[in-house]
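Participant: Got a structure for you, questions after.
Protein chains in written order, with the numbering used here: chain Y, -13 to 477; chain H, -13 to 477.
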């Protein structure tokens, strides 16, 4: 019963549960993050035996999830207290960057033993996060063909499906396979035999891929094979000419396909169309969660490439600063345009000081309206609701929304300004500016993400940071131009 | 070969491919969005036979993905041109709101036939998007126990796992089942027989759930059962006491568990601990992509609840405006605090007009720094790298980063200000303000998401919109306070 009780025991001993758990009533409700207090206590005590006992109480995956929050010495102590199989399961649940850092503390033989327990995609992710030195230390432990496979997978860009696929798939050759590696299989029973005999070498077994030589010709779900008569010919139960993706397909596209078609795994082919592997939906789920995290960073003008990968506490301060500085300087320089506009209207500002009261309010509102539009369009693009060729439809829609929002907000602004005791002509000027700025911000906000997408740039990277800055300077120009027309004493 | 060729044919006829495809060389590279030009042409021609022929060329899922971009009349025509089974597959790939709208155009008998082809979770999603009238029209077609199941699932909040689970799972009762509904099963062969005989009533078959009466006691992957001897006792191959989630668990927590432990399905239990269903990882992938979309909206200060669900072009303008207006007004009112600060320093502004040149620049930079911190912390929270109790560590880290970024940016700001020809004391004042504002913005940006999380509020909802507004007014106050101390003529 060792494998299963952990979530429960962790809770009971951690005391994080409200109300004492009844020992007779098994609590089947797993929690995302069990309380690891016993591990903390054992680490503090410095007693290896106590740590071993504490670590044993938890699922390796729960330990793995927690590694990124600890100093590396504690991670090391935990890894020392755990056997290879459970240690590998722990590393599998940890962020690859954490796992790589931790393995840097361990000697080469143990590193290799731990990696050998991991499925290919996790192994590749961890190797990809290692420094060249670190990799060189363990490279010699790999057999030449294993090394060739790993190197091939590592050569893909990180956003490509090749990076998270596994070549260890369940493959049945329908033809009388010339290659000694591929058994010729014609019936459901043959296919199941292949799966049974190659249990350790097949990492994706939800679907059986039927081939003619190297070419993928069909797919049969395990479920169908498991419930068919052993004599059923594969041709009769397989879906012919299945959807497959090329190795260089973006993860997000693969996630899109798998989500649209409700697949459990997706075959991967190379440029010649030869079947080379598959990706499982749960690995895409991880990738999708990761991508969402990068999207969040991008929207906040943090360069995802530099800081996006390592967990929060393991990113060095220098790296954190670097990942933010570029955008911050860029936006700062762009934002100096507002100063240029204000200097241009220096006389007006000197004549009517009250004009400056509304500057942050107006550009802030413009920025907010623009951000709303940008977010809406980015989401619609991500979900496939909008394509780049819909640009005119989108701009028309957003401009209409901007006019409506601007009218409503303009009325509020007018009365708010009067309450501050400014002249009605200035209040009117503020109201009109709000209307124009909201419309303008929505038009710009609709255009930027679509333009970025068309240019092949990730819309989340450029849109959110750019929109505010763009709208700020142009909003001020609109404001003072309206003021010129409407405010007495400025004509 | 009909099912598989579609992606390829769609491309070839749409002509979107670079270089003509070679007819002899099958292209196995599916594309996320095939070109549906033949369908567009057939719709324009108004010829039902042509439309039927065009629709037949494409995978139903690809047609479904495209429905949200078309007017409802075209969707209706496409549904009329497709048979029930393919129509259901099309609806399955469409957004539930779109599917519900479209079914509103179809008579009740056909609606029921189409829904009957759908797996439970998709059926529930579509029914949940229907108006009460629309549901009433088809309710009578359901058998009472079916209706009870659907009503039960629909009663869950939309973020709960109960909403996307299916009760149609592969369940084997280890005890001599008293209930006539559940077969008693003790061996691998028995379990596979249950799967075979109930093929139509089992929607999740990647794992077999072993029960003692209503209680879940173990789980065996299909893969293990399919490759075991028929006589193998289930007790011998099952993982005992598996991780399960309660029906009211949040989807995001379930995604977290499934991602950590690399499961293909997760059993769902009710409050008493009785097994009531399961959720598949591919449904969680859809939910995760959806949640990422809502996060994007939230960060842009669009209320996800109102507009988040419907696809872009199917959201009415009134709904769009409503989903944005609340935040826009709220932020506008909060932002008026900047006007109060500026009015308070009216004399200073009148004396040194150049002070106002830097207002947008300073508050913009503060907002950008704050957004960067907010995004970083939200991502770290989402990935589990940071917990709420880490608040002090996070604030310390972010403040340090703020000081470093502020120093670097302050130097740039100093020289930029001198270039504009302002006095060195004002330039110095701007530089110092940048340093203080960056530090302050980072401190606030680190605190808000963690505080929101602790209070049980989704950090993406409040953080991004709030941070800029909070930093704007306080940033101005800092600016003028520093100016008071440093700028000649203001003492």
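All residues carry an ideal CB built from backbone N, CA and C; glycine is no exception.
Keep in mind that this is a model prediction, so the values were computed, not measured.
1. Are the beta-carbon atoms of residue 345 of chain H and residue 345 of chain Y separated by less than 7 Å?
2. Comparing alpha-carbon positions, which option in H/254, H/81, H/133 lies nearest residue 98 of chain H?
3. So, does the CB of residue 260 of chain H fall closer than 7 Å to a CB anywhere in chain Y?
4. Using DSSP with H/G/I as helix, E/B as strand and the rest coil, what is residue 298 of chain H?
5. May I ask you to list, following chain order, the residues of the region 268 to 282 of chain Y that have a beta carbon less than 9 Å from some beta carbon of chain H?
6. Using 8 Å as the Cβ pair cut-off and three pairs as the minimum, do the region 199 to 206 of chain H and the region 230 to 244 of chain Y touch?
7. Give the C-beta separation of residue 303 of chain H and residue 386 of chain Y to the nearest angstrom, bearing in mind that I take them to be a contact with Cβ-Cβ under 8 Å.
8. Looking at residue 308 of chain Y and the ligand GDP, is the gap between the Cβ and the nearest heavy atom below 6 Å?
9. What did DSSP end up calling residue 154 of chain Y once you bin it into helix, strand or coil?
10. Output, in sequence order along the chain, the residues in the region 308 to 337 of chain H whose CB is closer than 7 Å to any CB in chain Y.
11. Near residue 9 of chain Y, which residues of its chain fall below 7 Å by C-beta distance, leaving aside the five closest residues on each side in sequence?
12. Does DSSP put residue 443 of chain H in a helix, in a strand, or in coil?
13. Taking a Cβ distance cut-off of 8 Å, strictly less, list which residues of the region 341 to 354 of chain Y are near chain H, in chain order.
14. In chain H, what lies closer than 8 Å to residue 249 of chain Y by C-beta?
15. Which whole-angstrom value describes the C-beta separation of residue 376 of chain Y and residue 472 of chain Y, a residue pair presumed to lie in contact below a C-beta threshold of 8 Å?
16. Grouping DSSP H, G and I as helix and E and B as strand, with all else coil, what is residue 184 of chain Y?
17. Which residues, taken in chain order from the region 197 to 209 of chain H, show a beta carbon closer than 7 Å to some beta carbon of chain Y?
18. Check each candidate in Y/461, Y/460, Y/427, Y/467 and name the one with the smallest Cα separation from residue 450 of chain Y.
19. Would you list the one or two residues that DSSP bridges to residue 251 of chain Y?
20. Quick check on this structure: which residue in Y/24, Y/89, Y/46, Y/31 has the alpha carbon closest to the alpha carbon of residue 58 of chain Y?
21. If you drop the 5 nearest sequence neighbours on each side, which residues of the same chain put their C-beta closer than 7 Å to that of residue 467 of chain Y?
22. In terms of residues, what are the limits of the alpha helix (DSSP H) holding residue 23 of chain H?
23. What whole-angstrom Cβ distance do residue 72 of chain H and residue 34 of chain H have, given they're in contact under 8 Å?
24. Flag this pair as touching only if the region 323 to 333 of chain Y and the region 456 to 465 of chain Y have three or more C-beta atom pairs under 8 Å; answer yes or no.
25. Have a look at residue 443 of chain H and residue 437 of chain H and give me their C-alpha separation to the nearest angstrom.
26. Determine the contact status of residue 117 of chain H and residue 300 of chain H, defining contact as a CB-CB distance below 7 Å.
27. Please classify residue 397 of chain Y as buried or exposed, where buried requires at least 16 neighbouring CB atoms within 10 angstroms.
28. Compute the Euclidean distance between the alpha carbons of residue 104 of chain Y and residue 70 of chain Y, then round it to the nearest angstrom.
29. Taking the straight line between their C-alpha atoms, what separation do you get for residue 465 of chain H and residue 371 of chain H?
30. Give me the chain H residues within the contact set of residue 297 of chain Y, using Cβ-Cβ distance strictly less than 8 Å, ordered along the chain.
31. Quick check on this structure: which residue in H/445, H/50, H/432 has the alpha carbon closest to the alpha carbon of residue 384 of chain H?
32. Cα separation between residue 155 of chain Y and residue 186 of chain Y?
33. Any C-beta of chain H sitting closer than 7 Å to the C-beta of residue 172 of chain Y?
34. Going by DSSP in three states, residue 458 of chain Y sits in which element: helix, strand or coil?
35. Tell me, which residues are paired with residue 194 of chain Y by DSSP?
36. Quick one: does residue 54 of chain Y have its CB under 7 Å from some CB of chain H?
Facilitator: With the structure as the only source:
1. As a working note, residue 345 of chain H is residue 359 in the second chain. As a working note, residue 345 of chain Y is residue 359 in the first chain. It is a contact, given that the beta carbons lie within the stated cut-off.
2. As a working mapping, residue 98 of chain H is identified with position 112 in the second chain. Comparing Cα positions, the closest option is H/133.
3. In the second chain, residue 260 of chain H corresponds to position 274, counting from 1. False, the Cβ-Cβ gap to chain Y never drops below 7 Å.
4. On the second chain, position 312 is the one that residue 298 of chain H refers to. Residue 298 of chain H: helix per DSSP, three-state reduction.
5. 268, 269, 270, 271, 272, 274, 275, 276, 277, 278, 279, 280, 281, 282
6. no
7. Against the second chain, residue 303 of chain H aligns to sequence position 317. Against the first chain, residue 386 of chain Y aligns to sequence position 400. Right, their Cβ atoms sit about 6 Å apart.
8. The ligand GDP is not among the ligands present in this structure, which contains no ligands whatsoever.
9. Here residue 154 of chain Y corresponds to residue number 168 of the first chain, with the count starting at 1. Residue 154 of chain Y falls in the coil class under three-state DSSP.
10. 310, 311, 314, 315, 317, 318, 321, 322, 324, 325, 328, 329, 332, 335, 336
11. Against the first chain, residue 9 of chain Y aligns to sequence position 23. Low local confidence applies: a pLDDT of 34 at residue 9 of chain Y is under 50, so the model's placement there is unreliable, with the coordinate-based value given in what follows. Excluding positions up to five away in sequence, the list is empty.
12. Taking the first residue of the second chain as 1, we reach residue 443 of chain H at position 457. Coil at residue 443 of chain H, not helix or strand.
13. 342, 343, 344, 345, 346, 347, 349, 350, 351, 353, 354
14. By 1-based counting over the first chain, the position of residue 249 of chain Y is 263. Residues of chain H passing the Cβ test: 268.
15. For the purposes of this step, residue 376 of chain Y is taken as residue 390 along the first chain, with counting starting at 1. For the purposes of this step, residue 472 of chain Y is taken as residue 486 along the first chain, with counting starting at 1. Going by Cβ atoms, the distance from residue 376 of chain Y to residue 472 of chain Y rounds to 37 Å, so no, they are not a contact pair.
16. Counting from one through the first chain, the residue named residue 184 of chain Y turns up at place 198. Coil, per DSSP.
17. 202, 208, 209
18. As a first step, residue 450 of chain Y must be located in the first chain, where it is residue number 464. Considering only alpha carbons, the answer is Y/427.
19. Taking the first chain and counting its residues from 1, the one referred to as residue 251 of chain Y is at position 265. Residue 251 of chain Y pairs with Y/266.
20. Within the first chain, numbered from 1, the residue matching residue 58 of chain Y stands at position 72. Comparing Cα-Cα distances from residue 58 of chain Y to each of Y/24, Y/89, Y/46, Y/31, the minimum goes to Y/89.
21. Taking the first residue of the first chain as position 1, residue 467 of chain Y is located at position 481. Around residue 467 of chain Y: no qualifying Cβ.
22. On the second chain, position 37 is the one that residue 23 of chain H refers to. Looking at the DSSP string, the run of the alpha helix (DSSP H) that includes residue 23 of chain H is 23 to 31.
23. Here residue 72 of chain H refers to the residue found at position 86 when the second chain is read from its first residue. Here residue 34 of chain H refers to the residue found at position 48 when the second chain is read from its first residue. About 16 Å; that fails the 8 Å criterion.
24. yes
25. The residue given as residue 443 of chain H occupies position 457 in the second chain. The residue given as residue 437 of chain H occupies position 451 in the second chain. Roughly 9 Å separates the two Cα atoms.
26. The residue given as residue 117 of chain H occupies position 131 in the second chain. The residue given as residue 300 of chain H occupies position 314 in the second chain. Going by C-beta atoms, residue 117 of chain H is not nearer than 7 Å to residue 300 of chain H.
27. The residue given as residue 397 of chain Y occupies position 411 in the first chain. Looking at its Cβ environment, which holds fewer than 16 other Cβ atoms inside 10 Å, residue 397 of chain Y is exposed.
28. The residue you call residue 104 of chain Y lines up with position 118 of the first chain. The residue you call residue 70 of chain Y lines up with position 84 of the first chain. Going from the Cα of residue 104 of chain Y to the Cα of residue 70 of chain Y covers about 11 Å.
29. Taking the first residue of the second chain as 1, we reach residue 465 of chain H at position 479. Taking the first residue of the second chain as 1, we reach residue 371 of chain H at position 385. Roughly 35 Å between the two C-alpha positions.
30. For the purposes of this step, residue 297 of chain Y is taken as residue 311 along the first chain, with counting starting at 1. Result: 366, 369, 371.
31. Indexing the second chain from 1 puts residue 384 of chain H at position 398. Nearest option by C-alpha distance: H/432.
32. To locate residue 155 of chain Y, count along the first chain from 1; it is residue 169. To locate residue 186 of chain Y, count along the first chain from 1; it is residue 200. For residue 155 of chain Y and residue 186 of chain Y, the distance between alpha carbons rounds to 11 Å.
33. Your numbering for residue 172 of chain Y matches position 186 in the first chain. Closer than 7 Å: no.
34. The residue given as residue 458 of chain Y occupies position 472 in the first chain. In the structure shown, residue 458 of chain Y sits in a helix (DSSP, three-state: H, G or I).
35. Mapped onto the first chain, residue 194 of chain Y falls at position 208. DSSP lists Y/206 as partners of residue 194 of chain Y.
36. Start at 1 with the first residue of the first chain, and residue 54 of chain Y comes out as number 68. Yes, its Cβ sits closer than 7 Å to a Cβ of chain H.
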